[in-house]
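Asks: From first to last, the protein sequence lines are chains G and R. Going left to right, the first sequence walks through residues 2 to 429 as the numbering used here numbers them. Going left to right, the second sequence walks through residues 4 to 351 as the numbering used here numbers them. In this text, a Cβ means the ideal position worked out from N, Cα and C, and glycines have one as well. The structure that follows is given in the form of C-alpha cells.
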Amino acid sequence: MARAMTSDLPTRQPSGAAVARPARISALAAGFRADKRRQTIISIALIGPLVAFIVFAFVLPLATMLFYAINNPEVRNALPKTLVALETWDGHSALPPSAYDALVADIKSDVPPNVLAEAGRRMNYEITGFRSLLAKTVRNVRSAPVQPAEQQLVSIDAQWRDPAYWRVIKRNASPLTAFYLLSAVDLRPGADGGVTLAPAEERLFLSTLLRTLTISACVTLICVLLAYPIANAIVSIGGRFSAIMLACVLLPFWTSLLVRTSAWIVILQKEGIVNRALQALGLTDAPLELIFNRTGLYIAMVHILLPFMVLPLISVMKGISPSYVKASLSLGASPVTTFLRVYLPLTLPGVGAGCLLTFIISAGYYVTPTLVGGASDQMLSYFIAFYANTTINWGMSAALGVLLLSCILALYAIVGRIVGIDRIMGME
Amino acid sequence: MKKRNLLSAIAVAVTIVATTVWAADTGKLTVVGAGGVLQDAERNAFFEPFAKASGVALTEDSYSGQMAKVRAMVSSGSVSWDVMQVEQNTLLSGCAEGLFEPLDWSKVGKREDFIPEAYNECGVGAFVWSMVPTYDKSKLSNGPATWANFWDTKTWPGKRGFRQTAKMTLEIALLADGVQPGDVYKVLATKAGQDRAFAKLDQIKPDIIWWTSGAESLERLAAGDVVATATFNGRVSAANATGKNFALVWNGQVYGIDYWGIVKGSPNKANAEKFIAFAASEAAQSVFPESIAYGVTNLKAIRTIRPELARDLPTTEANLASAVGLNTEFWADNGEALEARFATWRAQ
C-alpha cells in the first residue's frame with residue numbers, strides 16, 4: 002500500500018512545474034512517506050497482540066493437532082536397522098534372514114528402553130499383543146548370550162514367524178502415517194497396502210460422528226423453536242418486563258456449566274423433584290426415566306445453549322423496523338403471510354448465526370453428555386478425551402479432532418453458501 | 004498509618020522468606036493421590052506423619068488416574084509432581100515408557116518383606132483395593148450376593164451399577180457366566196472368550212447404569228437408581244461407617260494394587276525416596292487400614308492388623324478364596340482394543 006502511494010506521487014505532478022519546486026515537493030513527499038510509515042507501524046502495533054493471540058491460541062494448537070494426527074516417529078526411532086533390512090521385502094514372500102539379525106541388533110543397540118516401549122505401544126495399536134511381544138523379546142534378548150538371531154527370536158516367541166508382525170514394522174517406516182486418520186473413519190490398512198473396513202465390533206467412530214451431528218442438529222432445532230418466540234417477545238414488549246425476561250435467559254450464563262448440569266441430575270433423577278411432582282399429581286404411576294438418556298441430554302443441553310440462540314435473534318430483531326410489518330398488514334396480507342414473507346426473511350441472518358453458533362458449540366460437548374447422557378448418548382469429544390487422557394494415544398485423539406473440525410468447517414461452508422456468511426456476521 | 008502498613012508488609016515478607024529458607028533446609032515434596040476418602044486416609048497414615056517426622060514441606064495434589072498431564076510434564080521437562088499413587092497397569096506402561104523413575108529398592112526395604120505383587124521396578128505396592136458386589140440391606144434383606152445373581156433380574160428387578168470400563172467388567176461377566184476365578188484370563192485371552200463376556204453383558208444391558216467415579220456408584224445405590232452395584236470395597240466400608248447398611252460381599256472380588264511411583268525428572272527425588280520408604284514401612288502401613296478398608300502390602304503390617312478390621316480387607320485369606328487378581332499384563336496389551344470394543348458395544 003505504502004509503496005504504491007509513493008510510486009504514484011511523481012506521476013501526479015503537473016508536467017510544467019517550476020524548477021525550484023521539485024526539492025520542496027520531494028521534501029513534502031518524504032514527510033508524507035514518513036507519516037505513512039509511522040501510521041503503518043502504529044496499526045501493526047495495534048493489531049499485533051491480536052495476531053499473536055490468534056497464532057498462539059488457534060493456529061499453533063491446530064497445527065500441532067494436525068501434526069500429531071499424522072506424526073509417526075516411534076518405530077523409526079526404535080528399529081532403524083530392521084526397517085532397512087525390510088526395505089526390499091514385499092510383505093508376502095519369505096522374510097529376509099537379515100531382518101532377524103537387524104531386529105536383534107536394534108534391540109541390543111543403546112536405544113533407551115523407553116524408545117523401544119513406545120514403538121511397542123505404537124505397533125500394539127495395529128496388532129493387539131505386539132506391545133508385550135516386543136517387551137518380552139527385549140527382556141530376553143538383552144539378557145541372553147549371543148546366538149543365531151532367527152532361532153533366538155522364534156524360541157522367545159513363535160509369533161515372530163508370523164509375517165503380520167513384520168508387515169506392521171515395515172508399514173511404519175515412513176515418518177508420517179495415515180493410520181490414525183483412517184482409524185478415525187473406521188478403516189484399517191490392509192495386508193496388501195490397500196484399505197479395509199474395520200471389523201464390525203470395532204466400527205465406532207462413524208456412528209459416533211453421526212450421533213454427534215444428530216444430537217447437535219436436534220439441540221439446535223429445539224433451541225431455535227424455543228428462542229424465536231422468546232426473542233420476539235423480549236424485543237416487542239420492551240420496558241422493564243423485557244429486561245426481566247432477558248435476565249432470565251442470561252441467568253444460566255452466570256453459573257458454571259458443571260453446576261447447571263449437576264442441578265439437572267438432582268431435578269430429573271428417579272426420586273427428583275419432577276418425578277415426585279408428576280406422581281403427586283397422579284400423572285404417572287412409576288417414576289419416568291428423565292435422566293441418563295437422550296431426553297435428559299436434550300433438556301440439559303438446550304438449557305445451556307439457549308442464550309446463544311436468543312442473543313443473535315434479539316440483536317437482529319431489534320434492527321427490524323415495525324413499519325415493515327405494519328405496511329404488509331395494511332396492504333392486506335394476512336398475519337401468517339406477513340410473518341412468513343416479511344418478518345421471517347428479515348430475521349434469517351439472526352437464525353443463521355444462532356443456529357451456526359449453537360450447532361458448533363454443541364458438536365464439541367463433552368461434560369454434559371458424560372454426566373446426564375446414557376451409554377448411547379456419548380459424543381465424539383468423549384472419545385477424544387478418552388484417547389487423550391486415559392490411553393494417552395494422542396495420535397488417535399488428534400485424528401478424531403481433525404474429523405470433528407473438518408465436519409464443522411464443511412458445515413460452515415454449506416451454511417455460508419446458503420445464507421451467506423456476511424449476512425450472518427451482520428457485515429452485509 | 005502508612006508506616007504501619009510498611010512494617011507489616013516487611014514482617015510478612017520476612018516471614019515468607021524465613022519459611023522458604025526453613026523449608027529449603029529439609030526440602031519439599033508434592034504427593035499426588037486419587038482424592039476423596041482415600042486421600043484422607045493417606046493423609047492420616049502417610050502424609051502428615053511423614054511431614055512431621057522428616058520436616059519436609061509436603062504438598063498434596065490429586066488426579067483422576069489419567070496420565071496425560073504426567074506425560075506432558077515429563078516431555079516438557081517441567082515436572083511439578085514428585086510421588087504419585089498409580090494403578091498397576093499405569094505403572095507398568097509408564098515405567099517402560101520412561102514416565103517413572105526406576106526405584107532404588109535398597110532405599111525402600113527388602114523385597115521379601117512385601118507381598119509378591121508389591122514389587123515393581125518403578126514402584127512399591129501402596130495398598131490393595133477390590134471391586135465387589137453390593138446392595139442396600141435396608142431395602143433388600145436378601146440381595147444379589149454373587150455376580151451370577153446380578154444377572155437374575157426376575158428375583159431382583161431393577162438397575163445394576165457397573166464401572167464404565169471394560170477392565171474388571173469383562174472379568175465379572177465371565178465370573179457370572181460360571182468361569183472359575185483361576186481361568187478368567189485364559190478365557191478372556193481368546194476371541195471366543197471375549198465374545199462370551201460381551202454376550203453375557205448383553206443379557207442385562209438395558210438394566211445397567213454405568214458409573215465413572217466411586218462416589219457416584221454408592222450415591223446411585225443410596226438414591227435407589229440401582230438396586231445393586233459393583234463398587235470399590237473401601238467405599239462400602241466408608242459408607243457403612245457413616246450409617247449406611249450396604250452389604251459387603253467377597254465372593255468373586257476382583258482386586259488390584261495401587262503403587263507409589265516417582266515421576267521421571269522429579270526435582271525432589273531424594274525426598275520422594277524417603278517418602279516411599281516411609282509409606283512402605285510397617286508402622287505407617289499398619290495405621291492405614293484404620294482409616295479405609297484397603298489391604299496393605301507390607302507383610303509385617305498385615306500381621307499386626309486387628310482381626311475385626313482384617314475381616315473387611317480384600318487381602319484377608321478367607322476373602323481371597325474366590326478372588327481374581329487383576330492381570331495388568333493382559334490389560335496393557337488388550338486394553339485399548341477391548342475398551343474400544345466396549346465403547347462400541349455400549350453405544351449400540
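Can you tell me which residues form a DSSP beta bridge with F103 (chain R)?
Replies: R:V266
Asks: Applying the criterion that 16 or more other CB atoms from any shown protein chain within 10 Å of the CB defines a buried residue, is N125 (chain G) buried or exposed?
Replies: Buried.
Asks: Are the CB atoms of L32 (chain R) and A60 (chain R) nearer to each other than 9 Å?
Replies: Cβ distance < 9 Å, so L32 (chain R) and A60 (chain R) count as in contact.
Asks: Tell me which residues share the same chain as A335 (chain R) and place their Cβ nearer than 6 Å to its Cβ, disregarding the 5 neighbours each side in the sequence.
Replies: N92, L95, S96
Asks: Roughly how many angstroms lie between the CA atoms of A37 (chain R) and D158 (chain G), to the nearest whole one?
Replies: 38 Å
Asks: Could you give the DSSP three-state label for V343 (chain G): helix, strand or coil?
Replies: helix
Asks: Report the residues of the region 261-280 of chain G with a CB closer than 7 Å to any CB of chain R, ordered along the chain.
Replies: Q270, K271, E272
Asks: Taking the beta carbon of V403 (chain G) as the centre, do at least 16 other beta carbons fall within 10 Å, making it buried, or is it exposed?
Replies: buried
Asks: Starting from the N-terminal side, write out each stretch of the beta strand (DSSP E) that is 3 residues or longer and does not extend beyond the region 157-237 of chain R.
Replies: 163-166, 211-214, 231-235
Asks: For Y166 (chain G), write down the residues that DSSP places opposite it in a beta bridge.
Replies: Residue pairing of Y166 (chain G) in beta bridges, as defined by DSSP: absent, with no partner found.
Asks: In the structure shown, what three-state DSSP assignment does R328 (chain R) receive?
Replies: Before going on, a small fix: residue 328 (chain R) reads as Gly here, not Arg. Strand, per DSSP.
Asks: Since V229 (chain R) and G146 (chain R) are thought to touch, with beta carbons under 8 Å apart, how far apart are those beta carbons, to the nearest angstrom?
Replies: The Cβ separation is near 11 Å, so there is no contact.
Asks: Along chain R, which residues have their Cβ under 9 Å away from the Cβ of S144 (chain G)?
Replies: Residues of chain R passing the Cβ test: none, with the nearest at roughly 14 Å.
Asks: Determine, using beta carbons only, whether W348 (chain R) comes closer than 9 Å to chain G.
Replies: Yes, contact with chain G.
Asks: To which residues of the same chain is I223 (chain G) closer than 6 Å at the C-beta, ignoring the five residues directly before and after it?
Replies: If we look at I223 (chain G) and ignore the five residues flanking it on each side, its Cβ neighbours are V303.
Asks: Please confirm whether L205 (chain G) and A200 (chain R) have their CB atoms less than 9 Å apart.
Replies: no
Asks: Any beta carbon from chain R within less than 9 Å of T391 (chain G)'s own beta carbon?
Replies: yes
Asks: Straight-line CA distance for A201 (chain G) to A185 (chain G)?
Replies: Rounded to whole angstroms, the separation of the alpha carbons of A185 (chain G) and A201 (chain G) is 14 Å.
Asks: If we cut at 9 Å on Cβ distances, does S96 (chain R) have a partner in chain G?
Replies: For S96 (chain R), the answer is yes, since a Cβ of chain G falls inside 9 Å of its Cβ.
Asks: If we cut at 9 Å on Cβ distances, does T149 (chain R) have a partner in chain G?
Replies: no
Asks: When you compare the CB positions of G264 (chain R) and N123 (chain R), do they come within less than 9 Å of one another, or not?
Replies: yes
Asks: Give me, in chain order, the residues of the same chain whose beta-carbon lies closer than 6 Å to that of W253 (chain R); leave out the 5 immediate sequence neighbours on both sides.
Replies: Excluding sequence neighbours, W253 (chain R) sits near N322.
Asks: Mapping DSSP to helix, strand and coil, what is E290 (chain G)?
Replies: E290 (chain G): coil per DSSP, three-state reduction.
Asks: Can you give me, in chain order, the residues of the region 98-117 of chain R that have a beta carbon less than 9 Å from any beta carbon in chain G?
Replies: Flagged, chain order: C98, A99, E100, G101, L102.
Asks: How many angstroms separate the CA atom of A5 (chain G) from the CA atom of A31 (chain G)?
Replies: Here the model assigns A5 (chain G) a pLDDT of 43, short of 50, so the residue's position is not dependable, and the following value carries that caveat. So the two alpha carbons sit approximately 14 Å from each other.
Asks: Quick check on the DSSP output: the alpha helix (DSSP H) that includes Y69 (chain G) runs from which residue to which?
Replies: Here the alpha helix (DSSP H) through Y69 (chain G) covers 61-71.
Asks: Using the three-state DSSP reduction, which class does D64 (chain R) fall into: helix, strand or coil?
Replies: strand
Asks: Name, please, each residue of chain R whose Cβ falls closer than 9 Å to the Cβ of G205 (chain G).
Replies: Strictly speaking, residue 205 (chain G) in this sequence is Leu, with Gly absent from that position. Under the 9 Å cutoff, chain R gives A343, R344, A346, T347, A350.
Asks: Going along the region 327-339 of chain R in order, which residues come within less than 8 Å of chain G, judged by CB to CB distance?
Replies: Those residues of the region 327-339 of chain R that come within reach of chain G (Cβ to Cβ, closer than 8 Å) are E332, A335, D336, N337, G338, E339.
Asks: Would you check if the region 310-320 of chain G and the region 234-242 of chain G touch, i.e. whether three or more CB-CB distances between them fall below 8 Å?
Replies: yes
Asks: Compute the Euclidean distance between the alpha carbons of A169 (chain R) and I292 (chain G), then round it to the nearest angstrom.
Replies: So the two alpha carbons sit approximately 23 Å from each other.
Asks: Could you tell me which residues DSSP puts in a beta bridge with E90 (chain R)?
Replies: R:D261
Asks: Hey, which unbroken runs of the alpha helix (DSSP H) at 4 residues or more fall wholly within the region 80-160 of chain G?
Replies: The region 80-160 of chain G contains these whole alpha helix (DSSP H) runs: 81-87, 98-109, 114-125, 131-144, 150-157.
Asks: Of the residues that make up the region 210-231 of chain R, which ones have a beta carbon closer than 7 Å to any beta carbon in chain G?
Replies: I212, W213, A226, G227, D228
Asks: Determine the DSSP secondary structure at N152 (chain R), reduced to helix, strand or coil.
Replies: helix
Asks: Please report how far the alpha carbon of G68 (chain R) lies from the alpha carbon of N390 (chain G), in whole angstroms.
Replies: A direct Cα-Cα distance of roughly 9 Å separates G68 (chain R) from N390 (chain G).
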